Every structure is written in structure tokens, then in C-alpha cells.
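Novice: Just remember that our numbering sits 42 ahead of the position in the sequence shown, which is counted from 1.
We put the beta carbon where it would ideally sit given N, CA and C, even for glycine.
Computed from a predicted structure; not experimentally measured.
I have a structure here, written as C-alpha cells, and I will follow up with some questions on it.
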Amino acid sequence: MRKTILTLICLTFICMSLFAIDIVDTDKKTLAITTDIITECFFNIHDTYWTFPVPAVDIEFSGKRKGKAGFEFSLDLEEIFNEDYNEILNTAYLWVDLPKRLKLTVGQFKAPFGQEISLGKQSRPYPFHSISSDIIAPGLDRGIMISGNNYVKDIIDFDAGIFNGSGTELKNINYNSILITGKINLSFNIKDKVKIRTGYSALYNWEHDIIHEHTFSHGLFGSVQIKPISYYKITYFAEYMERHYTNETVNADAHWTYGLFNYLALKVKKFEVFTTFEFYREDAEYQSLEDEWMLSSGLNFYLFKYLKFTLMYEGENWFNQDVYEHQITALAHIKF
């Protein structure tokens, strides 16, 4: 893993030198360094205790050359405190524009599956991704992707790629896998006051190690954003995802997992209220022993463009009084 990180760092600095010709032209933003910090505090109501996790700190280097090619390299510095050095590297990739509104991306980045997992901290009202996204979506992986933007009267976007299928981990000599995934989104704008989006994702993952496993996942999302005036915005988002996987080694066991996530947000000037609801079921064909019900509500205050404060209530498994948990979370998020 250390050799991989050093190789990617060297490639990044080579790319930085190639793009550094226009570094002084700040209007073009040919080279940018972004720091993303979240500090948080949890109070568990059920067991009555406080926790103060290590702050999440991401640093990103990105650059472009005449708007036709570029790179991104980012690190998760929180993993240094956790002493998990294999997880420090987040993204490390190169991209180049192709004819006909196409773009080619090569390296380590999020595989194109699911919409909620692609929402950044600044573009979603709630601080943490859904359970379904964390478990069903593949996340970071190494591969190649082709993208198309604003096709057919600026309505269609798509991404499709082939990846290792092993995430950020290096494969051993006895391990083989491949991940093929893609998504297509449709966008409709009504007089710039109503935005409607919908999309579909699908993936196939084959793994051959000690076990032989085949995975097929797919998902559908929809969102509506209403903005009648400049400082007033209502957003509703919903996404359903499911995963089917078969283990050929152990009696060809078949498994089925699915989840539904929703959120509703209202933003007025610097204040934003939101609520989320999620149901997640693990191994639906095995008596549904791993059901998760999640409900959260919160308030965001945007002090200025790059600083956000959040106060949020979270309830987990509130249909089951034996295992339910209630938690209050306070967060400060700064990005510069």
C-alpha cells in the first residue's frame, strides 16, 4: 500500500508541474487546495453519555490545464489519528475532456453508482450518508470511467466504468474481481424555479477468492427542488437501492438487501430545517433479522458561505424498544 501511495503522490506532483504554468492566474483557478473540516459532539440520550470523535479533516489538491484536462488528489487526515494509514488516500485521478461532451477519468475515485452517495457535505443538509449508501454503494475504487454531460437539450447525464471491485484495498495473488457499473440521470427545469431530477444506477460485481460471489445491485432516485424566490428553497429527495448476491461456494446461498432513504429540507436565508427517514433491511430472504429504522431532524445555520453549524436529533430502531437509540449531535463544518 505504501508503494501505491508514493506512486500516486509522484504522479500528482508531476501533474501539478504540468499544470503550474497558469498557477498565478487565479481567475482560471487552474490549481486549488481545499480543506474540509468537521468537528462534532454526540450525546446519547438512551445511555446518557457524551462522545467527542476525532475531527474529520480532508485536504484536496486539484488542477486543470486550459479547462481540457485536470487532476484531483485528496487525503483523509482523520485516519492518521486512527493510525489506519492504509485509508489515508481518498481520491487520486486524472481526467481529460473528449469530443462530443465526453470526459475520461482514470485513477481512484467513487464508482458511479447511487445518487445520495455522490452528494457532498455542502450539497446535502444532513451530515452523514445513509446506511443504504454506505453498505450497497461501492464507494471508492480504482478504474476507468467515461462520462457524458448535458445530452439531448441538457437533459441527460451518464457515467459508466470498469473497476477493480476491491475498493481501495490491494488484491492478493489469489484474488480476482471486476466491477462494472454505471448510472444515467435526467434533469428538467421549469422556469428556473422548479428542478426535477431522476435517475437509475446498476452494477455487477464478480469476486473470486476463497469464495465465488456474484453481486447485482441497482437503484432509482427522484428529487424535486422548488425555489420561488432567491432566498427560499424546498427540496425533497428519495432513493431506493437493492443488492442481490450469490455465494457459489456455500450451497449457492442467495441474499437480498434493500433500503429506502428520504429527506425533506426547507431553507430560508441562512437557516435550514430538515428531516430524514430511512428503512434498511439486510438479508431479506433470511427472516429479516437486520432491519434498521432511522429518523433524524435538524437545523442548519450558515454563518457564511464556508461555515455551517448543525444541531440534529437521530433515532435508530425506534420500533424496537429493546435496541433503540436516541442521539443528539452538534457539528461545525468549515470548508476553505
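In the DSSP output, which residue or residues are listed as bridge partners for residue 334?
Specialist: Residue numbering aside, residue 334 sits at position 292 when the sequence shown is read from its first letter. Answer is 322.
Novice: Is any beta-carbon of chain B found at less than 8 Å from that of residue 179?
Specialist: No chain B appears in the structure shown, which is made up of a single protein chain.
Novice: Contact check, residue 156 vs residue 224 under 8 Å by CB: the rounded distance?
Specialist: Counted from its first residue, the sequence shown places residue 156 at position 114. Counted from its first residue, the sequence shown places residue 224 at position 182. Between residue 224 and residue 156 the Cβ distance is about 11 Å, and since that is not below 8 Å, they are no contact.
Novice: Work out the CA separation of residue 323 and residue 392 for me, nearest whole Å.
Specialist: With the chain covering only 43 through 378, there is no way to say anything about residue 392.
Novice: Taking the runs of the beta strand (DSSP E) that are 3 residues or longer, which of them lie wholly in the region 104 to 190?
Specialist: 111 to 118, 131 to 140 and 144 to 152
Novice: Taking C-alpha atoms, which residue in 94, 101, 135 and 93 lies nearest to residue 113?
Specialist: Counting from 1 along the sequence shown, the entry for residue 113 is found at position 71. Here the closest residue by C-alpha is 135.
Novice: Would you report the Cα separation of residue 314 and residue 272, rounded to the nearest angstrom?
Specialist: Start at 1 with the first residue of the sequence shown, and residue 314 comes out as number 272. Start at 1 with the first residue of the sequence shown, and residue 272 comes out as number 230. For residue 314 and residue 272, the distance between alpha carbons rounds to 14 Å.
Novice: When you compare the region 296 to 306 with the region 172 to 184, are there three or more beta-carbon pairs, one atom per stretch, that lie closer than 8 Å?
Specialist: The region 296 to 306 and the region 172 to 184 touch, with no fewer than 3 CB-CB distances between them shorter than 8 Å.
Novice: Helix, strand or coil for residue 287? Go by DSSP, reduced to three states.
Specialist: By 1-based counting over the sequence shown, the position of residue 287 is 245. Note: residue 287 maps to strand in three-state DSSP.
Novice: For residue 150, count the other beta carbons within 10 Å of its own beta carbon; 16 or more makes it buried, fewer makes it exposed. Which is it?
Specialist: Locating residue 150 in the sequence shown gives position 108, counting from the first residue. Per the 10 Å Cβ criterion, buried.
Novice: Give me the Cα-Cα distance between residue 330 and residue 374, rounded to the nearest whole angstrom.
Specialist: By 1-based counting over the sequence shown, the position of residue 330 is 288. By 1-based counting over the sequence shown, the position of residue 374 is 332. For residue 330, the pLDDT reaches just 49, beneath the cut-off of 50, and the residue's location in the model is therefore unreliable, leaving the point undetermined.
Novice: Leaving out five residues on either side along the sequence, give the residues of the same chain with a beta carbon under 6 Å from the beta carbon of residue 76.
Specialist: Locating residue 76 in the sequence shown gives position 34, where the first residue counts as 1. Non-local beta-carbon contacts of residue 76 in its own chain, meaning distances under 6 Å to residues more than five positions away in sequence, involve 102 in chain order.
Novice: Classify residue 93 as buried or exposed, calling it buried when 16 or more other Cβ atoms lie within 10 Å of its own Cβ.
Specialist: Stepping through the sequence shown from its first residue, residue 93 is reached at position 51. Flag for residue 93 reads exposed.
Novice: By Cβ distance, which residues of its chain are closer than 7 Å to residue 376, with the 5 residues on each side in sequence left out?
Specialist: As a first step, residue 376 must be located in the sequence shown, where it is residue number 334. Correct list, in chain order: 79, 348 and 349.
Novice: Counting C-beta neighbours from all protein chains within 10 Å, is the total for residue 132 16 or more, i.e. buried, or is it exposed?
Specialist: Along the sequence shown, read from residue 1 onward, the residue named residue 132 stands at position 90. So residue 132 counts as buried.
Novice: CB-CB under 6 Å to residue 341, same chain, minus the five flanking residues each way: which ones, in chain order?
Specialist: By 1-based counting over the sequence shown, the position of residue 341 is 299. So the qualifying residues of the chain are 315 and 353.
Novice: Please classify residue 153: is it buried, with 16 or more other beta-carbons within 10 angstroms of its beta-carbon, or exposed?
Specialist: If you number the sequence shown from 1, residue 153 lands on position 111. The residue is buried, with at least 16 neighbouring Cβ atoms inside 10 Å.
Novice: Between residue 170 and residue 369, how many whole angstroms is the CB-CB distance? I'm expecting something under 8 Å.
Specialist: For the purposes of this step, residue 170 is taken as the residue at position 128 of the sequence shown. For the purposes of this step, residue 369 is taken as the residue at position 327 of the sequence shown. So it is not a contact: roughly 11 Å between Cβ atoms.
Novice: Mapping DSSP to helix, strand and coil, what is residue 309?
Specialist: On the sequence shown, position 267 is the one that residue 309 refers to. Looking at residue 309 - three-state DSSP - the assignment turns out to be strand.
Novice: Return yes when the Cβ of residue 204 is within less than 8 Å of the Cβ of residue 226, no when it is not.
Specialist: Counting from 1 along the sequence shown, the entry for residue 226 is found at position 184. Counting from 1 along the sequence shown, the entry for residue 204 is found at position 162. Residue 226 places its beta carbon 8 Å or farther from that of residue 204.
Novice: Looking only at its own chain, which residues have a Cβ that is under 6 Å from the Cβ of residue 317, when we skip the five neighbours before and after it?
Specialist: As a first step, residue 317 must be located in the sequence shown, where it is residue number 275. Contacts found: 306 and 339.
Novice: From the DSSP output, read off the bridge partner residues of residue 275.
Specialist: Here residue 275 refers to the residue found at position 233 when the sequence shown is read from its first residue. Paired residue(s): 309.
Novice: Out of 357, 351 and 258, which one is the CA nearest neighbour of residue 335?
Specialist: Numbered from its first residue, the sequence shown carries residue 335 at position 293. Measuring from the Cα of residue 335, the nearest candidate turns out to be 357.
Novice: Please name the residue in 197, 118, 104 and 110 whose C-alpha comes closest to that of residue 97.
Specialist: For the purposes of this step, residue 97 is taken as the residue at position 55 of the sequence shown. Checked all of 197, 118, 104 and 110; the closest Cα to residue 97 is 118.
Novice: For the alpha helix (DSSP H) containing residue 193, list its first residue and its last residue.
Specialist: If you number the sequence shown from 1, residue 193 lands on position 151. Segment 193 to 196, the alpha helix (DSSP H) holding residue 193.
Novice: Given this structure, state the Cα-to-Cα distance separating residue 121 from residue 95, to the nearest angstrom.
Specialist: Walking along the sequence shown from the start, residue 121 turns up at place 79. Walking along the sequence shown from the start, residue 95 turns up at place 53. Their Cα atoms are separated by approximately 12 Å.
Novice: What is the DSSP secondary structure of residue 206, reduced to helix, strand or coil?
Specialist: Taking the sequence shown and counting its residues from 1, the one referred to as residue 206 is at position 164. Secondary structure at residue 206: coil, using DSSP grouped into helix, strand and coil.
Novice: Give me, in chain order, the residues of the same chain whose beta-carbon lies closer than 7 Å to that of residue 238; leave out the 5 immediate sequence neighbours on both sides.
Specialist: For the purposes of this step, residue 238 is taken as the residue at position 196 of the sequence shown. Here the set comprises 230 and 266.
Novice: Restricting to runs no shorter than 3 residues, where is the beta strand (DSSP E) found entirely within the region 220 to 260?
Specialist: 236 to 250
Novice: Hey, could you find the ends of the beta strand (DSSP E) residue 377 is sitting in?
Specialist: The residue you call residue 377 lines up with position 335 of the sequence shown. 367 to 377 is the extent of the beta strand (DSSP E) around residue 377.
Novice: Decide if residue 44 is buried, meaning its Cβ has at least 16 other Cβ atoms within 10 Å, or exposed.
Specialist: Residue mapping note: residue 44 aligns to position 2 of the sequence shown, counting from 1. Since pLDDT at residue 44 reaches only 45, below the 50 mark, its modelled position is unreliable, and no value is offered.
Novice: Can the beta-carbon of residue 247 be found less than 8 Å from the beta-carbon of residue 207?
Specialist: By one-based count along the sequence shown, residue 247 stands at place 205. By one-based count along the sequence shown, residue 207 stands at place 165. One thing to note: residue 247 has its Cβ within 8 Å of the Cβ of residue 207.
Novice: Do residue 82 and residue 281 count as a contact pair if the criterion is CB distance below 8 Å?
Specialist: Residue 281 sits at position 239 when you count from the first residue of the sequence shown. Residue 82 sits at position 40 when you count from the first residue of the sequence shown. Not a contact, by the Cβ cut-off of 8 Å.
Novice: What do you get for residue 73, buried or exposed, if any count of 16 or more other CB atoms within 10 angstroms of its CB means buried?
Specialist: Counting from 1 along the sequence shown, the entry for residue 73 is found at position 31. Per the 10 Å Cβ criterion, buried.
Novice: I need the DSSP call for residue 218, collapsed to helix, strand or coil.
Specialist: On the sequence shown, residue 218 is found 176 positions in, with the first residue counted as 1. Strand at residue 218.
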